[in-house]
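In order, the protein sequences belong to chains H and R.
The opening position of the first sequence corresponds to residue 1 in my numbering, with each subsequent residue numbered one higher.
The opening position of the second sequence corresponds to residue 452 in my numbering, with each subsequent residue numbered one higher.
A virtual CB, placed ideally from N, CA and C, is assigned to each residue, including glycine.
Fair warning: this is a prediction, and the values are worked out from it, not measured in the lab.
Inspection log for the structure reproduced underneath, given as C-alpha cells.
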Amino acid sequence: MEINRIVIRYCYILMAFFFVAESSAQSLFTLGDYYNDSSKMTMGILAEYDVNSTAFTNELYYKALNGSFIETETKDRVNKRLSEFNKAGLDLNYGMFFSQRIDSLFGKERKGFHYFIKIANREHANMVFTEDLFKVAMYGNAQFAGDTAKMGSSEFNLLRYQQIEVGIINSFKGSGKYGIGLSFIKGEQFYNSLISRANLYTSQSGDHVDLDLKYSITQSDTSYHGYDAMHGWGMSVDLFYQMSYNIFQSVTVDEDPSHPSASSGSGSGQENETDWTGYLRIEVSDLGFIRWNDKTVQEKIDTMYQFDGLEIQNILQLSDSIFDPIVDSLKQIYQPKYSQKAYTTVLPTLFHLSVYQENSSGFYISLGTVFRIFANYSPFIYLKAGHTLKEKFRLGGSLEFGGYGKINLGFQAQADVGGFKIGLGTHSLDGFIFPKRTGRNSVYLSVAKRF
Amino acid sequence: MKILINKLLLLFLILSMLSLNACRKGNNGPSWDVDVLAPILKTTLGIENLIPDSLIQTNPDSSLTIVFDNTIFRLSLDTLVTLPDTTVKERFDLPFGSFYLQPGQGIPTLNNITNETKYNLKTVELVEAKIRSGFVSFEIASSIGEMTVVNFTMPGFIKQSVPFSVSTQVAAGSISNPATAYLKYNLTGYNVDLRGAQGIDFNTILANLSVIIDVAAPDSVLVSTGDYFEIKYNLEDIITDYAKGYFGQYNISMNQQIDTMDFFKNITSGFFDMESITMQLSIENGFGMDAQIVIDTLNSINSSTGTNVLLNHAFIGTSINLTRASQIPSPGYRFTYSKYDLNVSSSNSNVAEFIENLPDLLGHSYDITINPWGNNSNGNDFLYYESDFKVNLNLELPVSFSANALTIEDTVLFAASPSENGAESNINGGFLRLYVDNGFPYEAYVQIYLYDNNYNFTDSLISNQGNKVTAAPVDIWLRVTNKVLSRIDIPLNQNKVDNILAAKEALIKVRFSTIPGNQILKIYTDYEIDLKLVGDFTYRINGN
Numbered sequence: 001m002e003i004n005r006i007v008i009r010y011c012y013i014l015m016a017f018f019f020v021a022e023s024s025a026q027s028l029f030t031l032g033d034y035y036n037d038s039s040k041m042t043m044g045i046l047a048e049y050d051v052n053s054t055a056f057t058n059e060l061y062y063k064a065l066n067g068s069f070i071e072t073e074t075k076d077r078v079n080k081r082l083s084e085f086n087k088a089g090l091d092l093n094y095g096m097f098f099s100q101r102i103d104s105l106f107g108k109e110r111k112g113f114h115y116f117i118k119i120a121n122r123e124h125a126n127m128v129f130t131e132d133l134f135k136v137a138m139y140g141n142a143q144f145a146g147d148t149a150k151m152g153s154s155e156f157n158l159l160r161y162q163q164i165e166v167g168i169i170n171s172f173k174g175s176g177k178y179g180i181g182l183s184f185i186k187g188e189q190f191y192n193s194l195i196s197r198a199n200l201y202t203s204q205s206g207d208h209v210d211l212d213l214k215y216s217i218t219q220s221d222t223s224y225h226g227y228d229a230m231h232g233w234g235m236s237v238d239l240f241y242q243m244s245y246n247i248f249q250s251v252t253v254d255e256d257p258s259h260p261s262a263s264s265g266s267g268s269g270q271e272n273e274t275d276w277t278g279y280l281r282i283e284v285s286d287l288g289f290i291r292w293n294d295k296t297v298q299e300k301i302d303t304m305y306q307f308d309g310l311e312i313q314n315i316l317q318l319s320d321s322i323f324d325p326i327v328d329s330l331k332q333i334y335q336p337k338y339s340q341k342a343y344t345t346v347l348p349t350l351f352h353l354s355v356y357q358e359n360s361s362g363f364y365i366s367l368g369t370v371f372r373i374f375a376n377y378s379p380f381i382y383l384k385a386g387h388t389l390k391e392k393f394r395l396g397g398s399l400e401f402g403g404y405g406k407i408n409l410g411f412q413a414q415a416d417v418g419g420f421k422i423g424l425g426t427h428s429l430d431g432f433i434f435p436k437r438t439g440r441n442s443v444y445l446s447v448a449k450r451f
Numbered sequence: 452m453k454i455l456i457n458k459l460l461l462l463f464l465i466l467s468m469l470s471l472n473a474c475r476k477g478n479n480g481p482s483w484d485v486d487v488l489a490p491i492l493k494t495t496l497g498i499e500n501l502i503p504d505s506l507i508q509t510n511p512d513s514s515l516t517i518v519f520d521n522t523i524f525r526l527s528l529d530t531l532v533t534l535p536d537t538t539v540k541e542r543f544d545l546p547f548g549s550f551y552l553q554p555g556q557g558i559p560t561l562n563n564i565t566n567e568t569k570y571n572l573k574t575v576e577l578v579e580a581k582i583r584s585g586f587v588s589f590e591i592a593s594s595i596g597e598m599t600v601v602n603f604t605m606p607g608f609i610k611q612s613v614p615f616s617v618s619t620q621v622a623a624g625s626i627s628n629p630a631t632a633y634l635k636y637n638l639t640g641y642n643v644d645l646r647g648a649q650g651i652d653f654n655t656i657l658a659n660l661s662v663i664i665d666v667a668a669p670d671s672v673l674v675s676t677g678d679y680f681e682i683k684y685n686l687e688d689i690i691t692d693y694a695k696g697y698f699g700q701y702n703i704s705m706n707q708q709i710d711t712m713d714f715f716k717n718i719t720s721g722f723f724d725m726e727s728i729t730m731q732l733s734i735e736n737g738f739g740m741d742a743q744i745v746i747d748t749l750n751s752i753n754s755s756t757g758t759n760v761l762l763n764h765a766f767i768g769t770s771i772n773l774t775r776a777s778q779i780p781s782p783g784y785r786f787t788y789s790k791y792d793l794n795v796s797s798s799n800s801n802v803a804e805f806i807e808n809l810p811d812l813l814g815h816s817y818d819i820t821i822n823p824w825g826n827n828s829n830g831n832d833f834l835y836y837e838s839d840f841k842v843n844l845n846l847e848l849p850v851s852f853s854a855n856a857l858t859i860e861d862t863v864l865f866a867a868s869p870s871e872n873g874a875e876s877n878i879n880g881g882f883l884r885l886y887v888d889n890g891f892p893y894e895a896y897v898q899i900y901l902y903d904n905n906y907n908f909t910d911s912l913i914s915n916q917g918n919k920v921t922a923a924p925v926d927i928w929l930r931v932t933n934k935v936l937s938r939i940d941i942p943l944n945q946n947k948v949d950n951i952l953a954a955k956e957a958l959i960k961v962r963f964s965t966i967p968g969n970q971i972l973k974i975y976t977d978y979e980i981d982l983k984l985v986g987d988f989t990y991r992i993n994g995n
C-alpha cells in the first residue's frame, strides 16, 4: 500500500517535472490519430522530422546544414560520444488525411466505424558506423599510423517514397479500438551502402597503406529523382489494437485518521478506489515492401589492396601522361562488379507497445517501447506525462531512451480551438538547449479539423 | 525542409565514406580538416636510370663501365657525288610551206637522232653508275594532224641485260589544239654506262629518239606552216647506288664541330677522380679512293664552368693517310672499310684532364684531302650509297671514382597541373616526406628549385638543413653492405602548394661526395636508390 503511494507520488513528481502529454505514439503517422471519436469527419495535416544519433551532435547537424567549417572541437565532442558501433537515423514525414464515421459496413449496421484516407511523403535514412570510420572520415588516417582502422561493419540506408493509405478504425466499449490500413507505395529513391569489411592499415611512416575492403552499394534508378519519379512500387500495412487497461484500478489510498469518517469505518485502513482509466495498445506500422525496378544498380567489391605509391619509371619525366596510366590502373583495381536488376526492400517496420493512463483531473502518464526492424534501430523506451488545462490546452513532456540515440527530453503543446486541434512538439528539447552535447533534433506538427 | 533534409543526408553520406554516387542535389556542404598520411610516389633509381642503357657495359665482376661509342664526324656520298636533274629538249618546226607524211614516215629532224648529254661534275669523272632511285619523264606536245609514235631508248641504261626503251603513241593534234602527253618511268636498279657513244668518255648519257607517223594511220597527213612536234625528256631525282670513275683531287676543311656529351651534361661543379680512362679514335674510309686527314683540334668543353681543355696527343695536327676501301664485302656492307685507330691514354696524352673537365660538349675540326696523290687508281675509284668517311670516338670510363661535392643538375618539365576538382589547393599544411633508401656509397644533398613559365625562380622545396641523404656503408672490399634510409622533409603550406602547381620546370640539384672521402669506389649493377614520397598533411574536405 505504502509502496503504491510512493509510486504514485513519484509519478506525479515526474509529471510535474516533464509536464504532461497525451501523445502515446512515437510518430504522428499512426492510425489512432486519423479520426476523432466524437466527430463525423476529420481532416488534418501532419508533418514531422526527427534526426537522432548516438554519436553526432546537434552542433554537427547545424554546421552541416549551414555548410560551415567543422572545427576540431566540434569533432572532439562527437568523438567523446562514440562507442565501437554508432547509430544515426533520420525521418521526414508529411502528409494529410481524411476520416469519416460510418454507420454500416458491408450492408450491416455497425457502430463505431471510421474509414480514413491518407497521402504522405515518407523519407527515412539510417546508418550504423564504427568509431574508426568516423575517425578516419573526420580526422584522417594519420592517427592510425602503425595501426589498423576497422571501418566495417558500417551501413547507410535511404528510402524515399510516397504512399496513399486507406483503412478502417473501429471503436468498441471503453477505450477499446482496432484499426487496419493498407497502403500503395510509389518508390522514389533507394540507396544502400554496406561496408562489410574495411580494414585500413597505415604503416608507421605512411609509406604504405593496406585496405581490406568488402562493400556493396545498391541504389535505385539514378537517372532522375523527385516526386514524379517512380522507380518502384510496394504495399504496406498498418495495424493496431487497443484495449482498456487500468493499471491503477486497484490502487487505494488511506483516509486521514483525523477525518471524521475515519472513526466510523471498519478501521484505520479504509481504502477508496482512484479514478484512473487507460488502455494498452499494440501497434505495427509500415509492414511492407517496395519492389524497385530493373534499373536498380548494384556495385560490389571484395578486394585486398596494398598501396605503396604510384610507381614512376623515370622520376625525371613526371608528367600527366605518366600518371594517367597509373591512375587508370588504380581505377581498374577498384572497378566494382556492376549488376542491374530488380530489387526488393523491406520497409523499416515499427512495433509499438504502450500503456496509457489518465485520471479525471487531467493528468496523463504513458509508458511505451518501440522496436523497429530492418532499420539499425535499438530498442526504444519512453515515459511520457501530461496535463490537460481547461480541457482545451495540454502540455506534456517525455523522457526517452534508445532508438538512434541516447537519453532525450521531449515537449509537446496541444490546443483545441474553434474546431481545430493543433499539436506542436519535439522529442529533443534538450537538443535545442544543449546542442553540443545532444544528438537528437526533431519537430512535429499536426493540425486537424473536426466536422 | 527538403533542403534541410538533403543536407543532413549529405552529412550521412560523407561519413559513410562509400557514398560515391551521392543522391544529393547541389548545395554548399560542410568542410573539415583531416590529417592524411599516405604514400604518393615511389621509384627506384639504379645507374641505368642516371646513364642510358646504351652507354653502360657490365664487367665480369658486375662493376660498370660507361662506354661512349659515337661517330663524331661523317662525310657521306652526297658530299662527293650528286647527279643533278637534267633536261634535254628536241623540237621540229615547219616555219613555211607544207608537205605530206605517209604512215610510218619519220618527222623531219626527229627521226633516228642520237643525243649525248654530259653531266658537269667538276673534277669527278664517272664512267659507271647504278641508280638507287630516280626517274625519266617525257613532256610531249604535237600539232601533227595524225597519231604519231615516239621511240626512245637509252642504250647505256641496262637492267637485267635489257636497255631502257620506251615506245608511246601521241594523239593527233592541231596548231590551235596540240596533243600533249606526260610520261614518267622509274629508273631504279638500272646500271648506267657513262662513257658515251665511243666508250671513252665520262659523265655522258646516250639517248636515241625517233618520232614517226603511226603506221596504222589511214592516210597520209599534211604538215603545213606552223606545225611542230616537241619532246622534252628529264632525268630527275637520281640517287646513285654505286659509282665508279675518278673522283678528283680536292680538299675539305671542316671547321670546329660541336657534339654533346650527354652523360656529363648535368654535372655542373665539383671534382671527381676516375680510376682509369681509355679513349680510342677510329677513322674509317668507306670510299674507294685514297684520303688524308688532319685532326686539327679535339677539345673538351665544360659549358657550365667555361673550361676548355685541348687534347694533347701526337696525332693532333699530323697528316694521317687512309688507304682506299676495298670492294670485298664485309658484314653489313658491300665493301670493306679502311681503318686507322688512334689510342689515347693517360700515358700518351692529357686524356685524364680532358675527361675530368666533365665536358658536356666536344669540339673537333679537320682537314681532309681526297685523292691526295691524284688519279693513281686509273679511274677505278668507287663508292656505294652507304659509303662514308667517319671518325668514331670510343670512350671507356669505369664507373669507379671518388667525388667531392660533385653537383649534378637537371631540369625537368614539371606537370603538376591542378586536378579538375582543384583538390591540391585544399592542402592546408604539413609535409611531403621523401624517404631515400640509399644503396650508393655516396652521401648527397638534394634541393629542388621551382621555376615558372619564364624560367623565373619561384620557390625551393627543401630546407637546406634537412636535405642530406646518408651514404651506404662499404665493407673492406669497398662494396656496399646495406642501404641506409634517410628522410627529407618538404614542408607544405598553401603558398608552397600554389607555387608547386604554378611551376613549369623544376631544377633538381644533387651534390655528391664519396664516403669515405677521396676513396675511389666502384659502382656495381645492383646499386640502387629507393625513393618514396609520402604525404603527411592536413587536407580540407569540402562536402560540395
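Cβ-Cβ separation, residue j to residue i (assumed contact under 8 Å), whole Å
| i | j | result |
| --- | --- | --- |
| ASN753/R | LEU809/R | 5 Å |
| LEU645/R | GLY607/R | 7 Å |
| LEU761/R | THR748/R | 6 Å |
| LEU634/R | PHE589/R | 4 Å |
| ILE381/H | PHE351/H | Not really, about 13 Å apart at Cβ, beyond 8 Å. |
Distance, residue j Cα to residue i Cα
| i | j | result |
| --- | --- | --- |
| TYR693/R | TYR906/R | 51 Å |
| GLU255/H | ASP275/H | Any answer about GLU255/H is weak, because its pLDDT of 47 lies below 50 and its placement is not dependable; what the coordinates show is given next. Rounded to the nearest angstrom, the two C-alpha atoms are 16 Å apart. |
| SER183/H | GLY167/H | 9 Å |
| ALA262/H | THR388/H | With a pLDDT of only 38 at ALA262/H, under the threshold of 50, the placement of this residue in the model should not be trusted, and no figure is reported. |
| TYR364/H | VAL51/H | 26 Å |
| LYS436/H | THR54/H | 13 Å |
| PHE805/R | SER513/R | 27 Å |
| THR932/R | GLY146/H | 28 Å |
| TYR902/R | PRO511/R | 44 Å |
| ALA632/R | ASP529/R | 33 Å |
| GLY234/H | ARG372/H | 19 Å |
| GLY181/H | GLY419/H | 26 Å |
| ASP544/R | ASN628/R | 16 Å |
Contact list for residue i against chain R, beta-carbon separation under 8 Å
| i | result |
| --- | --- |
| HIS208/H | PRO490 |
Selection from the options that minimises the alpha carbon distance to residue i
| i | options | result |
| --- | --- | --- |
| SER625/R | ALA854/R, PHE615/R, VAL672/R | VAL672/R |
| ARG884/R | ILE690/R, SER937/R, LEU846/R, THR862/R | SER937/R |
| SER720/R | ASN685/R, LYS610/R, LYS960/R, VAL935/R | LYS960/R |
| VAL355/H | TYR279/H, LYS111/H, ALA375/H | TYR279/H |
| ASN246/H | SER175/H, ILE185/H, LEU92/H, PHE411/H | SER175/H |
| LEU347/H | ARG101/H, ASN126/H, GLY402/H | ASN126/H |
| GLY411/H | GLY403/H, LEU383/H, LYS390/H | The residue you asked about is not Gly; residue 411/H is Phe in the sequence shown. Of GLY403/H, LEU383/H, LYS390/H, the residue nearest in Cα terms is LEU383/H. |
| GLN162/H | SER83/H, PHE69/H, GLN189/H | GLN189/H |
| THR345/H | GLY112/H, VAL128/H, LYS186/H, PHE144/H | LYS186/H |
| PRO554/R | ASP811/R, GLU681/R, ILE664/R, SER798/R | ILE664/R |
Start-to-end residues for the alpha helix (DSSP H) that takes in residue i
| i | result |
| --- | --- |
| PHE432/H | 429-433 |
| TYR139/H | 131-139 |
| GLN945/R | 945-953 |
| GLU59/H | 58-66 |
Neighbour list for residue i in chain H, Cβ cutoff strictly below 9 Å
| i | result |
| --- | --- |
| PRO481/R | LEU60, LYS63, ALA64, LEU65, ASN66, GLY67, SER68, PHE69, ILE70 |
Distance cut-off 7 Å: residue i Cβ against heavy atoms of the ligand GDP
| i | result |
| --- | --- |
| PHE144/H | The ligand GDP is not part of this structure, which contains no ligands at all. |
Contacts that residue i makes with chain H (C-beta to C-beta distance below 8 Å)
| i | result |
| --- | --- |
| LEU418/R | The first residue shown for chain R is 452 and the last is 995, placing residue 418/R beyond what the model contains. |
Residue i: contacting residues in chain H (beta-carbon distance under 7 Å)
| i | result |
| --- | --- |
| THR711/R | Correct list: empty, because the minimum Cβ distance to chain H is about 17 Å. |
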